[in-house]
Structures are given as C-alpha cells and as structure tokens.
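Accompanying notes for the structure given below.
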Amino acid sequence: MARVALMVPLAHLDRDFDYLVDTTQSVHAQPGVRVRVRFAGRLVDGFVLERAQASEHPGKLGFLEQVVSAERVLTPELARLAREVATRYAGTRADVLRLAVPGRHARAEAEPVAAGSLVAPPGDCSGWGHYPHAAGYLEALGAGRGPRAVWQALPGADWPGRLAEAAAVTAAAGRTAVLVVPDQRDVDRVYSACLPLVGTGAVVALSAGLGPAERYRRWLAALRGTARVVVGPRAAVFAPVAELGLVALWDDGDDNHAEPRAPYPHAREVALLRAHAAGAAVLLGGYARTAEAQALVEAGWAHDLVAARTVVRERAPRTTALADIDNQLARDPAARAARLPAIAFAAARAALTAGTPVLVQVPRRGYVPALGCARCREPVRCRRCHGPLALPAPVAPDSAGAPVCRWCGVLDAAFRCSACGSRGLRARVVGAQRTAEELGRAFTGVPVRTSGAADVLATVAGTPALIVSTPGAEPVADGGYGAALLLDGWALLGRADLRAAEETLRRWMAAAGLVRAAGDGGQVVVVAESELATVQALVRWDPVGHAAAELASRAEVGFPPAVHLAALDAAPDALEGLLEVAELPPGTEVLGPVDSADAPRGAQGWERMLLRVPRRDGRALARALTAAQGVRSARKEPGATRVQIDPHRIG
DNA sequence: GCAATGAGCGTC
DNA sequence: ACGCTCATTGCT
C-alpha cells in the first residue's frame, strides 16, 4: 500500500489517498517517487509519501497505474514543507508542489551521477570583520548550529562574497546551503563568488532561463547530494538539498521574492518555515531592511548583524538631499535642460573628472510616461477613459507630438488641458530614455548608457560614463561609482502603496550602495525633501532605524507584519459565497469590498475584500479560509477566487 | 413489478 | 473520464 499526494487542483481533495502497489512496482514505489494513478476515472500525477501495511480507508483501493521513475524527487522534508506552506497561505499542497518540484526530464535523470566533493572552509572571512557579531555567527554555522540573523550590508560591500563565505563555512561543516536572490544577475554574481570557495560541482545555480533539461540536471545535483550549495531565485528556497545548514536570502524587500502564482508564498516566509523545521541557520541580508525582518529582530528570533556607526560613516558616500528642483537648477544651460540641480551637476562632473562612472537612477522607464499641462501643471488625462497620457516616441514634449493614453491606447492629437484650456504639454515624470538624451547634451563627449527592463547591464567599467538605470537594474561598476544621482524621488515616495517608504529607501540604498565611500570621493544626490524620514535614513545610512519606524507605523495602521491580513479577490457573488461559508476567527475585521486591482487577465468586475486579524489569529484565519474554499470546491460553486495571505503589496 | 437507460456525483 | 447510485421511463 502507498500513501499518495495527488496533483489535483480541488481544495476539498487536498489530502492523502491510499493505493495498492502490485508486486512488479513495489521495488520502485518508494517514498518521494512520481506516480500516475487513476482517480475518479482520470489519470492524475502524484507523489508517493510513504509505504504502509494497511489503509484506514474503508472503501476499496485501486492500484498505482504507473511508477513514473524511481527517482525520489519529493524528499520527506519538502513534503512536510509543502504542507506547511499550503497551511500558512490557505492554499493547496498541490499548488506548492508545482512550485517546488520541476517537471521531469527523463534524459537528464538517466545521466550518471557526478562525483561529489568535499568543501574546505574558506581561508579568509575577514570581509565579515566589520560586523561585530558576525564572527560568532560564522562560528555557530561552522559548528553545525542554526544561528539566525538579519544582516545590513555596508555600502559598497561585496555582499555576494559574504554570502559565499557563509555558504562555504556551512558546507565545510558537512551541511548544505541555499542562497536565494532576487534575480538572474544576482544569481550569476553569487554563483561566481561561490565557485572559488566551494568548487565547481559543489555549487549549482538554479535558474528558469536554463531550459528544462539543464534546469532539471542541476536540480538533481542538489537532490543527489553532489551540490552542497544552491544559488537561485525564489523557487530555490525549495531546493531539494539534504542536511540543510543555512538558508540565506538577499534583499527580502524585492518584489521578485513574492511568488505570483497560488498560493502566493513569499520566499522569506518559506525560508523561515524551512529553516525552523530543519534546525538550519537563517541569514536575511540587504542594504536596507524590511519591517518583516525588523520584526524578527525585535521578537528576539534573529540577531542583528550590522556594522558599527563609525564604519558605516566611513564606508557610506557623502549624501545630499535636494528638495524643489525648480529653485535649484544649475546655471549651466545644458544642465538646466537636463533638469539637474547645480549640486547634482557638480557631483556628476566631479566624478567624471576623477575618472569614475556616474549612476543616474530614474524611477520610470520609457520616454515621458506622465504628462502635465505646460501652463497650470495639472496632470493631463485621456478624454475618453481618464487614463494618463504619455509620449511614446522621442519628440520634445513642448512640441506637442501626439500623446497616447496608457490605458486605452487612444491617440489624442487635439489635446487641450481640462483645467485651463492650454494646448501645451510638459513632462511630469521623465523616463530613463529621455533622461539619457538630456544628460548626453549636458555632458558632451561622455558616453551615456541605459540599463532597464528589457536590457539590463550586469556590470560597467570603472571609466567616465553616465549610466541611466531604472531601480533594480543598476549595473555594478568596477571600483564603484564616483557619484549617484537619484532623480524624481517624490515619484517613488508619493505612491499610494503602503510599502512606498520602505521600497523607496530600498531602491535608493541599492543604488547608493554601489557608490564609493565619501573618503574616495563618492557622492550621492537625492532629489527629495530632506526633512522626510526616508530621506534622512538614506543621508544617515540608517536602514535599521527606518525599519523600526516602519514596523511601528505598520502596527499603528494595522498592516503586516504587525497583524495578519488576507486579501480576497473574486467576482462579487463568489466573494460573497466564500465569506458566507467561512468561519472566521471572532473579531476578524472585514474591509471592503472595493474594485479589485488584482483580477486575472480577462476577469471583469472583480472586487477585493481584506480580512484583518491580530498576529495570534493568523493560523486560524488561514485555516478558516482553507476550509471555506474546500466547502465551495466540494459544492462545485462557480466562480474563481483568489486568496492571498499577507500579500507583499496592498493597494 | 421490474429491467433498461441516463444524469449526477464522488473521487482511495 | 470511470463506475457507482438513484431516478425515470417503458414494457410486461
């Protein structure tokens, strides 16, 4: 008899099912293998969870249809983790397993196992020397214990190197490490940093872009124990390594760590669940710190790994905040045209003269994604749908080349301001491409390069150049940038999102962290009100203070991690049906409904409701929503619903 | 009164 | 997408 986890999407069938095993299958039908079984007539995929003598099931059992392969891909640890993640996020185990276990590739599976290798401890971990408690942390890692820490990297730090060292110490102690990073560029950086420390073969990079065969090959290397260190984006948190010693996650505030598919788990939360169950160490690193990470420190669950203030001051670039750009524009006509304040212009010029590149961070891609009236500065809106108008092509905004609505796509050649009747347009937010053009005119003879969306640069040389980048796409400069100009800060800070302040500081620090220290001439100019707490946190390089304030304010307004929240999105009748059968914890606050901004493609008229409970009722809320979805699914009630627990973004 | 047929449902 | 139940139908 085999107990099987079935890959069926129905919420009320999210449990184990027993099957008989015939004698020819019995050898291979071991826990963890993929199987096909007949379930209500149809053939479905599943995984053997365990073998047992007898079944509790009173009815009669069917036989396994097929043992797909003898590879035991679902380890007991991951089977348990999948259930825990499903419970935490009010989702199904099958959905989690789909995220955790890649599709099989028979050829890759048939290839012989490469020989494993032992990893020696790294000779030099002095890079960690600036963080007072790091020595104790690494020692605990090397001793096979499970220390937990939240680490704020110094500006300009070689953080991939630090992660590699932590991984190497773990691997040398005979355990494995999983390093989770936001994107492919970071995978490459961390992988390269690991190579010399743990050796080829002992480290693998898991990435989506590899193609199914190579991806599965590397995943198998982790499963079979060849790879002792696994680097990858969010799905790597499920890497099937045994003897897990360390889960590290870089920049947990990055959106990429939030899984966009049901049940929408966040890699940080999965990492915490997994490490807790495995007794493994946790390392949450970043330049900035999230409220969630701060909560772990304040609860005493994780240690603080931060450098002394004197070292921070020594390493940070000199940072200046400028508010009203219009009053501080440079005298230089070219700089005026590029909308550069005198101080920013001077900082850039100084860095270029010193032979170093300059990073220019602009929060929007594209050309002129938001337009205003040239006379009264009122934002201009589409006459048909009130969407924002934008200039898609490189024409000067004052020449009034036809703007296009970003929502409905209608071209409005005869634009006229609804407030004052003027026909003139001006840029309200300037995109990366246009900024690049303007900077090129302001600094003649200096090469201008852009990095963003489709075309992300990984690195740039340490020679004079202007690098215009959207947040998250900033290339690493050889030797560090001489200066960074953080433009249009108000656009980042002014967003309605509750994470706006945290996210703004995160993006600013990600850029400023690539700049040389003040002592080496490094300068950062941020265009934003200097009195704002977030701007202050950047100027003083104080991510911890900012996170503490952010956490306190989340407690005040009632948002995670201070409370637990569930976002329900569905058509109105489905939403009503779900809430009708849900036995919510007493005192659950029910907010909404409002129009859903989070409906799947093609879905019309979806609404959103928010359910809010104190932290202690988080599990009860998830359980209630799981049960409610089960009831709806069993009754075959129509209408899709989306349930997200503690969504990364709200609003 | 009872076989033959079909829709609905659970799902090992 | 199968096999079970249960209802309906139609024939003796």
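Residues 743 to 1393, numbered by the numbering used here, are exactly what the first sequence covers, in order.
Heads up, the beta-carbon is just placed ideally off N, CA and C, and yes, glycines get one too.
Could you tell me if Ala-1050 is buried or exposed, where buried requires 16 or more neighbouring beta carbons within 10 angstroms of its beta carbon? Taking all protein chains shown into account, Ala-1050 has fewer than 16 neighbouring C-beta atoms within 10 Å of its C-beta and is therefore exposed.
Could you check the C-alpha separation between Val-827 and Pro-1007 for me, to the nearest Å? 7 Å
Excluding the 5 residues preceding and the 5 following Ala-836 in the sequence, name in chain order all residues of the same chain whose CB lies nearer than 8 Å to its CB. Here the set comprises Ala-747, Leu-748, Met-749, Val-750, Pro-751 and Asp-756.
With a threshold of 6 Å on Cβ separation, who are the neighbours of Thr-1368 within its own chain once the five nearest residues in sequence on each side are excluded? Within the same chain, Cβ atoms closer than 6 Å to the Cβ of Thr-1368 are found at Ala-832, the five residues on either side in sequence being excluded.
Cβ pair Gly-1347, Pro-1314 closer than 8 Å: yes
For Ala-1019, count neighbouring Cβ atoms within 10 angstroms of its own Cβ and tell me buried if that reaches 16, exposed if not. With fewer than 16 other CB atoms across the displayed protein chains lying within 10 angstroms of its CB, Ala-1019 is exposed.
State the DSSP-derived secondary structure class of Pro-864, mapped to helix, strand or coil. Assignment of Pro-864 by DSSP, reduced to helix, strand and coil, places it in the coil class.
Can you grab the Cα-Cα spacing for the pair Ala-909 / Leu-939, in whole Å? 9 Å
Determine the extent of the alpha helix (DSSP H) in which Trp-893 is found, giving its start and end residues. Not the alpha helix (DSSP H): Trp-893 falls in the beta strand (DSSP E), residues 890-894.
Going by beta carbon distance, what residues of the same chain come within less than 7 Å of Val-892, once the five residues before and after it are set aside? Leu-1026, Arg-1031, Ala-1035, Leu-1038, Val-1039, Ala-1044, Asp-1046 and Leu-1047
Are the beta-carbon atoms of Glu-1244 and Gly-916 separated by less than 8 Å? no
Give the secondary structure of Tyr-933 by DSSP, where H, G and I count as helix, E and B as strand, and everything else as coil. helix
C-alpha gap between Phe-1301 and Gly-1329, whole angstroms: Straight across, the Cα-Cα distance linking Phe-1301 with Gly-1329 is about 16 Å.
Which whole runs of the beta strand (DSSP E) in the segment 1346-1374 are 3 residues long or more, in chain order? As far as the segment 1346-1374 is concerned, its whole beta strand (DSSP E) runs of at least 3 residues are 1349-1356.
C-alpha gap between Leu-1363 and Val-989, whole angstroms: 28 Å
Is it right to say Glu-1298 is buried, meaning 16 or more other beta carbons lie within 10 angstroms of its own, or is it exposed? exposed
Nearest candidate by alpha-carbon position, reference Thr-765, set Arg-1060, Leu-860, Phe-805 and Ala-1233: If we check each option's Cα against that of Thr-765, Phe-805 comes out closest.
Using 8 Å as the Cβ pair cut-off and three pairs as the minimum, do the segment 1201-1214 and the segment 1244-1257 touch? yes
Coarse secondary structure for Phe-781, derived from DSSP in three states: strand
Arg-745 - partner residues in DSSP beta bridges: Looking at the DSSP output, Arg-745 shares a beta bridge with Asp-760 and Glu-792.
I'd like to know whether the C-beta atoms of Arg-814 and Gln-772 end up nearer to each other than 8 Å. yes
Classify Ala-1090 as buried or exposed, calling it buried when 16 or more other Cβ atoms lie within 10 Å of its own Cβ. With 16 or more other Cβ atoms within 10 Å, it is buried.
How many angstroms separate the CA atom of Arg-887 from the CA atom of Lys-802? 47 Å
At a cut of 8 Å, does the segment 850-868 reach the segment 940-948 through at least three beta carbon pairs? yes
Can you tell me which of Ser-1338, Arg-793, Asp-1311 and Val-1012 puts its alpha carbon nearest to the alpha carbon of Val-920? Checked all of Ser-1338, Arg-793, Asp-1311 and Val-1012; the closest Cα to Val-920 is Val-1012.
Tell me whether Ala-1019 sits in a helix, a strand or coil according to DSSP, three-state version. helix
Identify every run of the beta strand (DSSP E) within the segment 1226-1294, keeping only runs that are complete inside it and at least 3 residues long; order them along the chain. 1265-1269
N- and C-terminal bounds of the beta strand (DSSP E) containing Ala-1063: 1060-1064
Output yes or no for whether 8 Å exceeds the beta carbon distance between Val-1267 and Leu-1317. Contact: no.
Mapping DSSP to helix, strand and coil, what is Ala-919? If DSSP states are grouped into helix, strand and coil, Ala-919 belongs with the strands.
For Glu-1331, list the residues DSSP reports as bridge partners. Arg-1354
Between which two residues does the alpha helix (DSSP H) containing Asp-1315 stretch? 1314-1323
Could you tell me which residues DSSP puts in a beta bridge with Gln-1386? Ala-1309
Under the three-state reduction of DSSP, which class applies to Gln-1175: helix, strand or coil? helix
Can you give me the C-alpha to C-alpha distance between Leu-937 and Pro-1083, rounded to a whole angstrom? Cα-Cα distance, rounded: 44 Å.
According to DSSP, is Phe-1087 helix, strand or coil? helix
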